[in-house]
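Asks: Quick one: structure below, then a few questions.
In the working numbering, the protein residues as written are 2 to 216.
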C-alpha cells in the first residue's frame, strides 16, 4: 500500500525548524484532494505515527495537524500520545460547550492546541474560554490587515504564542518579527514537501489490518 503526506516547517525567530505541520496527500502531486476532512486527518495521523514514524516524518520534532470537530469531541478515540502532537482547531469549526469541554480535556491530558485562521470576531461563542485552552494562535498573513491586527492584539493580551502563517516574502517575515511573533510558517521558509512510504498490510485474526513499512 502506498502512503503519502506532506510536511511544512514551522520556524522560530532564528529560522530554526521547531515543528512541522502535516498535510494530507494522496499521491506525489503536491495538492490537497480529499473530499472528507475527517478521513484525511485520520489518515495523516495513521501515516505519520504508525506507518512512517516521527523520526522519519519530522526528525522527532512535534507535529501540527488540523482536526475536525468530530475528532475533537470524540477525543477518547485518540491514541496518539501527547507531547508530540499539537491539535489545530480550524476557524470553520462551530464553537459550543461540547467543543470547549473536549478541548479542555485534551489540554488537561497534555496535548497542545492551536487556533488556526482564528479571528477576533466578537460573535464567536466563548472566546475567553477558547483562549484559555490554547497554546498557539496562527494568523494568516494573507488575511485583511485590520483582521490580523485585531487578532494579534487579542492574542498578546491573552499571553498566547503567535504563529505567522502564509509568510511568503521577506517583508512579511520582517513585519511579523517587528510585531512580536514567536514562530513562522510559509513559502518564504519552505513549501510543503511530499513524503512517501510503501507498506504491506498484515491481517490479524482476519479483522485488524497492520501496515508494515518497507525498510
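For glycine and all other residues, C-beta sits at the position ideal for the given N, C-alpha and C.
1) Comparing alpha-carbon positions, which option in 108, 86, 67 lies nearest residue 93?
2) Given residue 169, which residues of its chain have a CB within under 7 Å of its CB, disregarding the five upstream and five downstream residues?
3) Between residue 86 and residue 65, what straight-line distance do the alpha-carbon atoms span, to the nearest angstrom?
4) Would you call the segment 39–58 and the segment 102–116 in contact, with 3 or more CB pairs under 8 Å?
5) Hey, residue 89 and residue 70 are a contact pair by Cβ (cut 8 Å); roughly how many whole angstroms apart?
6) Pick out the complete beta strand (DSSP E) segments inside the segment 131–192, 3 residues or longer, and give them in chain order.
7) Taking only the alpha-carbon atoms, compute the straight-line gap between residue 62 and residue 193 and give it to the nearest angstrom.
8) How big is the Cα-Cα spacing for residue 132 and residue 154?
9) Apart from the five residues on each side of it in sequence, which residues of its chain come closer than 6 Å, Cβ to Cβ, to residue 111?
10) Going by Cα to Cα distance, which pick from 20, 19, 45, 18 is closest to residue 3?
11) Would you mind reading off the limits of the alpha helix (DSSP H) that contains residue 51?
12) My assumption, with CB atoms under 8 Å, is that residue 157 sits in contact with residue 135. Please give the rounded CB distance.
13) Please classify residue 145: is it buried, with 16 or more other beta-carbons within 10 angstroms of its beta-carbon, or exposed?
14) Could you spell out where the beta strand (DSSP E) holding residue 89 opens and where it closes?
15) If you draw a straight line from the alpha carbon of residue 42 to that of residue 150, how long is it in whole angstroms?
16) Below 6 Å CB to CB, which residues in the same chain sit around residue 117 once its five sequence neighbours on both sides are set aside?
Replies: Looking at the coordinates:
1) When only C-alpha atoms are compared, the closest one is 67.
2) Excluding residues within five positions, the ones whose Cβ falls inside 7 Å are 187, 188, 189.
3) 6 Å
4) no
5) Their Cβ separation, rounded to whole angstroms, is 12 Å, which puts residue 89 and residue 70 out of contact at 8 Å.
6) 137–141, 162–166
7) Going from the Cα of residue 62 to the Cα of residue 193 covers about 16 Å.
8) 13 Å
9) 83
10) Closest by C-alpha distance to residue 3, out of 20, 19, 45, 18, is 45.
11) Careful: residue 51 lies outside any alpha helix (DSSP H) and carries neither H nor E.
12) About 14 Å; that fails the 8 Å criterion.
13) exposed
14) 86–91
15) In this structure, the straight-line span from the alpha carbon of residue 42 to that of residue 150 is close to 30 Å.
16) The answer, listed in chain order, is 89, 91, 139.
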